[in-house]
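Here the protein sequences line up with chains E and W, keeping their order.
Just so you know, we're using my numbering here: the first sequence kicks off at -1 and counts up by one.
Just so you know, we're using my numbering here: the second sequence kicks off at 703 and counts up by one.
Glycine included, C-beta positions come from ideal geometry on N, C-alpha and C.
Worksheet: the structure to be examined is printed underneath.
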Amino acid sequence: GAGVSQTPSNKVTEKGKYVELRCDPISGHTALYWYRQSLGQGPEFLIYFQGTGAADDSGLPNDRFFAVRPEGSVSTLKIQRTERGDSAVYLCASSLTGVPHTEAFFGQGTRLTVV
Amino acid sequence: SQQGEEDPQALSIQGGENATMNCSYKTSINNLQWYRQNSGRGLVHLILIRSNEREKHSGRLRVTLDTSKKSSSLLITASRAADTASYFCATADDSNYQLIWGAGTKLIIKP
């Protein structure tokens, strides 16, 4: 597609529920990133994919968070047993190769609210 | 963890004036990037400056980088209402592929 697409744009869920957030990167971009942004803060790194594999998942806060990219394109961020502290905007970005060498293109984000 | 710190946290100026934002960081970098964010959603890449570059221009934007001071500045000349947004600096290094972000500068352009 023309840009990075994230769905849904907004998600409200009850505490304890499971949610999936989807990211469709720019066609041909091998690198894909998930970030989380709380109000008034800069984005916080969660996970980086190079192709199908998670090259760096050091930012995932705990084992309730998991992400996949099975065919090296679309990625899904999965959050189990959601907590109110998980409320944030979840941003996905893609780049042609990897961040140190190229710019990252961001989607509009998914605003997750856990009530 | 956040590496960059933007200064000021908020800036309000008249349209037509120049806006300058500063960013400081802590570790060695491969490059530093500036992004704009409207209404707390999508981030738009503005400019990337590599560690061996000192200054870069793009339209009304001018970015400087001083690696000895671990700092960068973003200058927006002849500001317009459409420049109202939050501006973030982000650094990338050679040891990993994540961008490390500051907390941003909120810029308001008064008509």
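Quick check on residue i: does DSSP put it in helix, strand or coil?
i       : result
G83(E)  : helix
D785(W) : helix
K772(W) : coil
E755(W) : coil
D54(E)  : strand
G70(E)  : coil
T722(W) : strand
L37(E)  : coil
Q48(E)  : strand
V2(E)   : coil
R762(W) : coil
S25(E)  : coil
If you check the beta carbons only, do residue i and residue j fall under 8 Å apart?
i       : j       : result
P6(E)   : T108(E) : yes
G70(E)  : S3(E)   : no
Q739(W) : S788(W) : yes
Where the stretch 44 to 55 of chain E meets chain W: residues whose CB sits under 7 Å from a CB there: Y46, A53, D54
In the stretch 786 to 803 of chain W, which residues sit with their C-beta less than 8 Å from some C-beta in chain E, listed in chain order? Contact residues of the stretch 786 to 803 of chain W toward chain E are F790, A792, A794, D795, D796, N798, Y799, Q800, L801, I802, W803 (C-beta to C-beta distance below 8 Å).
Chain A contacts made by the stretch 741 to 753 of chain W, where a contact means CB separation under 7 Å: Here chain A cannot be found, since the structure's protein chains are E and W.
Output needed in chain order: residues of the stretch 96 to 111 of chain E with a Cβ under 9 Å from some Cβ in chain W. Hits within the stretch, in order: G96, V97, P98, H99, T100, E101, A102, F103, F104, G105, Q106, G107, R109.
Members of the stretch 708 to 737 of chain W that neighbour chain E once the beta carbon cut-off is set at 7 Å: N732, N733, Q735
Quick one: which residues of the stretch 10 to 30 of chain E get their C-beta closer than 8 Å to a C-beta of chain W? List them in chain order. A29
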